[in-house]
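Count the sequence shown with our numbering and you get residues 674 to 1507, in order.
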Amino acid sequence: METTLLTENRTSARGVDEFDKVYGLGYEVGHDDWSPYPRVNRLRQTFLDRPYEVDVERLRLVTEAFKKHEVAPRILQSAYAFENILLNATLYVYDEDLILGEIAAPAKASPIYPEFSVDWIIDEITNSPFEERSNDQFYIRNDAERAEILELCAYWKGKTVNEMITATLDQDQKNGSHMGEKIFQTNNYHFAGIGHFAMDFAKLMTQGFDGVIKQAEEALAALSKKDVDYASKRDYYKATLITQNAAKKYITRYADLANEMAAKESDETRKAELATMAENCYQIAGGVPQTFWQAIQLFNFATTLTQIEGNGHSISYGRMDQWLHPIYLADVAKNGTSKAFILELLEVLYVKMNNPTKLKDKGTVRVRNGRGFGGESLTIGGVDTEGNDATNDLTMLMLEASVHTRMMNPWVCVRMHDKTPYELKVKATECIRAGYGHPKLFNDAPAIKAMLAKGVTQEEARDYAVVGCVEPTIPGKEHGWQDAGYVNVAKMMEMVLNHGRLVAGPNTELQLAPDTGSLETYQSFDEVLESVEKQIEFWCDQLCSALNITDKVHATLKPTPFISAFFDGCLESGKDMTAGGVKYNGIGPQAAGIATCADSLATIKKLMFEDKSYTGKQLLDALRDNWEGHDKLYALVNSSKIPHYGNDIDEADELFKFMFESYCKHIAGRPTNRGGKFSPGVYTVNANVGMGLFMNASLDGRKAQEPISDNMGPVHTAGGSHDYSGPTAIVNSVTKVDHSKATNGTLLNLRFPEDSVAGVEGRDILISFIDEYMSKHGMHVQFNIMSADKMRAAQMNPEQYRDMLVRVAGYSAYFVELGKPLQDDLIDRTELRF
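Rendered as structure tokens:
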């Protein structure tokens, strides 16, 4: 990609640090002073020292409201519950904090959302206590709260989203889902709320809650009873007014509390801070922010209120360096606010972003480790709506805040394009070399092409932001329902091998899918590929129909009127976002195990049809025996004698391309309940580990229960890594597919040991490598700068490495908090060198 220097007329694109400041090389034990601001270092340490708890208050308040309004329409029940929480939840103001607002629970304590599911909560409290998990433990404070949770959850039996979805699915859908053979998993949105969106923060900043209230009042007043949807629209507008007014009262409660604390505070510095925090809250309770501090205070309330309402993960922050920039410029010009103070505020905010936690069921955390809400992506850089570079001060400051705090959240995403300034490339690369897993990099060219394929305008496509791990969306205009389901394409392949049945295990006689043949019947490799297509189509039918059912149940039982007000189309149409009120609607499930399939096909093609050295029965027998007693074949399949994806071998890469395009073809364009279209993604996050736990052996050389291939990456098994030709070969293989066909995103993980990118030379080689990847139109890439030896040391001495972040997939997490299978998968990923 072309290197562009920042010119004199763009001197705004500067942070506090020099753009080429070196922040270290990989994780270093014993650091607690990464930030230049002592306050931030102390807040960070306080966060790390807090336990993860379960909080009962939201459960208590939401149950109280639903009991009081049992006969009200569901959208009004939801609004009254939201109001009851905001008017009565305990408020928390922490020492040294400069930003107010939690998720109706103390920092690092998870609320309970009974609207979605309670069966697993009752079961796990009774039989599998959260605190006894091998990872993602949560602690209930005492037996009285444990008993209260069970009593309150009992009220919700028969009333939840999960129960209605389960009652509506047919047996084929259940057989394929998390309730059966886990060929696809949609339990994220069975047990919790819909997220993966970014609200219209510009609207929030320029209109505030008062502006939204006025818009809703005018729309309600203009309603006609001649409208056949009069009642539903009336209820939607009433719910909007209830929730927006409740938000104002909630923020005012915080302002009053901060004022009370200021009056009692003896330290003059802290007294002044509390007084300003109160003033900030009074201003933005209804009005629009007048300072940068007020803007990020309003931002924090808006995002935490969204989490209070809906429990959706990946409530993302949009293009934060863009929508905050006008306020930043005005504050600097009018008040002389310094960049140093702006940076300190951002760092305080970054630490605070980690406070919200989310209790998940044991099945989900086995597949996806992590106690945060997950997916709070913050997008910076890229082009503006006219196609010009959009880098500004805040782009640099937000990267500096990330490397100074080194927290799990936010997930910083840097958009790159062919005119990305050299300084931004260097700054981003120095953050990557620091070894804490941020930022991840996105390529504007294929991402914008993908957005255009979804039907948005050119200007909107250029304004895309990332939500969750890698999913591009249009903030405030798209309810894309990304991360809707994980599709284990490698397990679909098992149906190809054996007449639509599993090859081993207790359920081998269960006809899960149509009989499209087996390795014992295929006469040509083309027949194998035809069978693959038929199985993918069948399972995509099951998946998409199940997701449409799930979507419809959410619209019925859990509308979200608070956040809907900040999406184009909802107030105009009188429809909640769950009912299709947003301008663009979609559902985005993602494929896992594509490389596992590609290398399995390579085995079949090479050994059965080209060399004719093994029969289909022999290959099936090896799988049924989990490769035991088939040592020669096992070694062959894991050797370079079979052409493997990831080594720039056209023959192997074509098979990956076939699998990639087949999945995308059978997902893209299917209709959704909300008038939109399905959108395919190709990524696993870390679900490849959990999916592998529920799989038999596969013909890529995996043994049963080993992870399947991760994301867009090559295979690595206990028998050996299948990428052996270096990082350039991986890039060449990965970019032989058109990433824009995966309109819901792609993901590539790469790992380099620290010495491979050391010094100025190592930094510049990494920048050149990134440029090459972007020039070949890869959509996304992210890096772990960490040796396997360091991760093994952390496994042995976790207390010394408790804040060591690793890039898992679309997110970073504390290595020592991950389950051992996922830790081992990270260690086993190929260690690349230039």
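All residues carry an ideal CB built from backbone N, CA and C; glycine is no exception.
In this text the structure is predicted, and so the values were computed from the model without any measurement.
Item to complete: Could you have a look at isoleucine 988 and say whether DSSP puts it in helix, strand or coil?
Response: The residue labelled residue 988 in the question sits at position 315 within the sequence shown. Note: isoleucine 988 maps to strand in three-state DSSP.
Item to complete: Out of Asn860, Asp929, Leu1072, state which residue places its alpha-carbon closest to the alpha-carbon of leucine 1051.
Response: By 1-based counting over the sequence shown, the position of residue 1051 is 378. The residue with the shortest Cα to Cα distance from leucine 1051 is Leu1072.
Item to complete: Note the first and the last residue of the continuous alpha helix (DSSP H) segment covering cysteine 1142.
Response: Taking the sequence shown and counting its residues from 1, one reaches residue 1142 at position 469. That residue, cysteine 1142, is in no alpha helix (DSSP H); it is neither H nor E in DSSP.
Worksheet item: If you drop the 5 nearest sequence neighbours on each side, which residues of the same chain put their C-beta closer than 6 Å to that of threonine 676?
Response: Mapped onto the sequence shown, residue 676 falls at position 3. Low local confidence applies: a pLDDT of 49 at threonine 676 is under 50, so the model's placement there is unreliable, and no value is given.
Worksheet item: Are any of the Cβ atoms in chain D nearer than 8 Å to that of threonine 1345?
Response: Looking for chain D here will not work: only one protein chain is present.
Practice prompt. Kindly list the residues whose CB is nearer than 8 Å to the CB of arginine 733, restricted to its own chain and excluding five residues on each side of it in sequence; keep chain order.
Written response: Counted from its first residue, the sequence shown places residue 733 at position 60. Excluding residues within five positions, the ones whose Cβ falls inside 8 Å are Glu821, Leu825.
Item to complete: Give me the Cα-Cα distance between tyrosine 1474 and phenylalanine 1488, rounded to the nearest whole angstrom.
Response: Reading the sequence shown from its first residue, position 801 is the one you call residue 1474. Reading the sequence shown from its first residue, position 815 is the one you call residue 1488. Take the alpha-carbon of tyrosine 1474 and the one of phenylalanine 1488: they are about 8 Å apart.
Worksheet item: Where does threonine 680 land, buried or exposed, given buried means 16+ other C-beta within 10 angstroms?
Response: For the purposes of this step, residue 680 is taken as residue 7 along the sequence shown, with counting starting at 1. Only weak support exists for where threonine 680 lies, its pLDDT of 41 falling under 50; the value from the coordinates is given anyway. Per the 10 Å Cβ criterion, exposed.
Discussion item. Under DSSP, the beta strand (DSSP E) around leucine 1114 begins and ends at which residues?
Written reply: Counted from its first residue, the sequence shown places residue 1114 at position 441. Leucine 1114 -> beta strand (DSSP E) spans 1113 to 1116.
Worksheet entry | Endpoints, the alpha helix (DSSP H) within which histidine 998 is located | For the purposes of this step, residue 998 is identified with residue 325 of the sequence shown, where counting begins at 1. Residues 998 to 1008.
Worksheet item: Hey, how far is the Cα of leucine 1002 from the Cα of serine 989?
Response: The sequence position of residue 1002 within the sequence shown is 329, counting from 1. The sequence position of residue 989 within the sequence shown is 316, counting from 1. Their Cα atoms are separated by approximately 23 Å.
Discussion item. Suppose you measure from the CA of proline 1471 to the CA of alanine 912; what does that come to, to the nearest Å?
Written reply: Position 798 of the sequence shown, counting from 1, holds the residue named residue 1471. Position 239 of the sequence shown, counting from 1, holds the residue named residue 912. C-alpha separation (whole angstroms): 48 Å.
Discussion item. Can you find the residues in the same chain that come closer than 8 Å, C-beta to C-beta, to threonine 684, ignoring five residues on each side of it along the sequence?
Written reply: If you number the sequence shown from 1, residue 684 lands on position 11. Note that threonine 684 scores 41 on pLDDT, short of 50, meaning its location in the model is unreliable and no value can be drawn from it.
Worksheet item: What three-state label does DSSP hand tryptophan 1084 in the structure shown?
Response: Walking along the sequence shown from the start, residue 1084 turns up at place 411. Three-state DSSP puts tryptophan 1084 in a strand.
Practice prompt. Take every Cβ of the segment 1443 to 1454, pair it with every Cβ of the segment 1364 to 1381, and state whether three or more of those distances are shorter than 8 Å.
Written response: no
Discussion item. On a Cα-Cα basis, can you pick out the residue from Arg907, Ala904, Thr736 that is closest to threonine 833?
Written reply: Sequence index remark: in the sequence shown, residue 833 carries index 160 (1-based). Ranking the options by Cα distance to threonine 833, first place goes to Thr736.
Fill in: Nonlocal neighbours in the same chain, by C-beta distance under 8 Å from lysine 1060, ignoring five residues either side
Position 387 of the sequence shown, counted from the first residue, corresponds to residue 1060. Correcting the residue type first, residue 1060 is glycine in the shown sequence and not lysine. Excluding positions up to five away in sequence, the list reads Arg1135.
Worksheet entry | Three-way DSSP call (helix, strand, coil) for serine 1406 in this model | Within the sequence shown, residue 1406 is the residue found at index 733, counting from 1. Helix at serine 1406.
Fill in: Sub-8 Å separation of methionine 1069 and phenylalanine 692 beta-carbons
Here residue 1069 refers to the residue found at position 396 when the sequence shown is read from its first residue. Here residue 692 refers to the residue found at position 19 when the sequence shown is read from its first residue. Yes; because the gap between Cβ atoms is below 8 Å, this pair is in contact.
Discussion item. Output needed for glutamine 970: all residues of its chain with C-beta closer than 8 Å, excluding positions within five of it in sequence on either side, in chain order.
Written reply: Position 297 of the sequence shown, counting from 1, holds the residue named residue 970. The answer, listed in chain order, is Ile772, Leu773, Gly774, Met950, Asn953, Cys954, Ile957, Pro962.
Discussion item. One question on the structure: do phenylalanine 1046 and histidine 1111 come within less than 8 Å of each other, judged by their Cβ atoms?
Written reply: On the sequence shown, position 373 is the one that residue 1046 refers to. On the sequence shown, position 438 is the one that residue 1111 refers to. Against a cut-off of 8 Å, the Cβ pair of histidine 1111 and phenylalanine 1046 comes out as no contact.
Worksheet item: Of all the alpha helix (DSSP H) runs that stay within the bounds of the segment 693 to 744, which reach a length of 4 or more residues?
Response: 711 to 722, 730 to 741
Worksheet item: How is threonine 1251 classed by DSSP in three states: helix, strand or coil?
Response: Within the sequence shown, the letter at position 578 stands for residue 1251. Of the three classes helix, strand and coil, the one that applies to threonine 1251 here is helix, per DSSP.
Fill in: Length of the line joining the Cα atoms of glutamate 818 and serine 1237
To locate residue 818, count along the sequence shown from 1; it is residue 145. To locate residue 1237, count along the sequence shown from 1; it is residue 564. Looking at the two C-alpha atoms, the distance is approximately 33 Å.
Worksheet item: Tell me the DSSP bridge mates of asparagine 643?
Response: Missing from the structure shown is residue 643; the chain here goes from 674 to 1507 and no further.
Item to complete: Inspect the beta-carbon positions of histidine 1227 and aspartate 1272 and report whether they are closer than 8 Å.
Response: Taking the sequence shown and counting its residues from 1, the one referred to as residue 1227 is at position 554. Taking the sequence shown and counting its residues from 1, the one referred to as residue 1272 is at position 599. Contact flag unset, no.
Fill in: Residue of Thr979, Phe874, Thr1078, Val901 minimising C-alpha distance to alanine 1138
Residue numbering aside, residue 1138 sits at position 465 when the sequence shown is read from its first letter. Here the closest residue by C-alpha is Phe874.
Item to complete: Compute the distance between the beta-carbons of leucine 842 and isoleucine 1340, then report whether it is under 8 Å.
Response: The residue given as residue 842 occupies position 169 in the sequence shown. The residue given as residue 1340 occupies position 667 in the sequence shown. Contact flag unset, no.
Item to complete: Work out the CA separation of lysine 1127 and lysine 1350 for me, nearest whole Å.
Response: Taking the first residue of the sequence shown as 1, we reach residue 1350 at position 677. Taking the first residue of the sequence shown as 1, we reach residue 1127 at position 454. If I take the Cα positions, the gap works out to 8 Å.
Discussion item. For the beta strand (DSSP E) containing valine 1056, name the first residue and the last one.
Written reply: Looking up residue 1056 in the sequence shown gives position 383. Counting along the chain, valine 1056 falls outside any beta strand (DSSP E), and DSSP gives it neither H nor E.
Discussion item. Looking at the strands, I want to know which residues DSSP matches up with isoleucine 1277.
Written reply: Along the sequence shown, one-based indexing puts residue 1277 at 604. Paired residues: none, contrary to the question.
Worksheet item: threonine 1233 to leucine 896, Cα distance in whole Å?
Response: Indexing the sequence shown from 1 puts residue 1233 at position 560. Indexing the sequence shown from 1 puts residue 896 at position 223. Distance between the alpha carbons of threonine 1233 and leucine 896 is about 21 Å.
Fill in: Nearest candidate by alpha-carbon position, reference glutamate 805, set Phe1240, Asn861, Glu726, Tyr753
For the purposes of this step, residue 805 is taken as residue 132 along the sequence shown, with counting starting at 1. For the residues Phe1240, Asn861, Glu726, Tyr753, the minimum Cα distance to glutamate 805 belongs to Glu726.
Practice prompt. In angstroms with no decimal places, state the Cα-to-Cα distance between valine 766 and serine 708.
Written response: Within the sequence shown, numbered from 1, the residue matching residue 766 stands at position 93. Within the sequence shown, numbered from 1, the residue matching residue 708 stands at position 35. Approximately 22 Å between the Cα atoms of the pair.
Fill in: Simplified DSSP assignment, three categories, for glutamine 1508
Not covered by the structure: residue 1508. The range shown for the chain is 674 to 1507.
Worksheet entry | Cβ separation of asparagine 1359 and valine 1481, assumed to be a contact under 8 Å, to the nearest whole Å | Translated into positions along the sequence shown, residue 1359 becomes position 686. Translated into positions along the sequence shown, residue 1481 becomes position 808. Contact flag correct, Cβ pair sits at about 5 Å.
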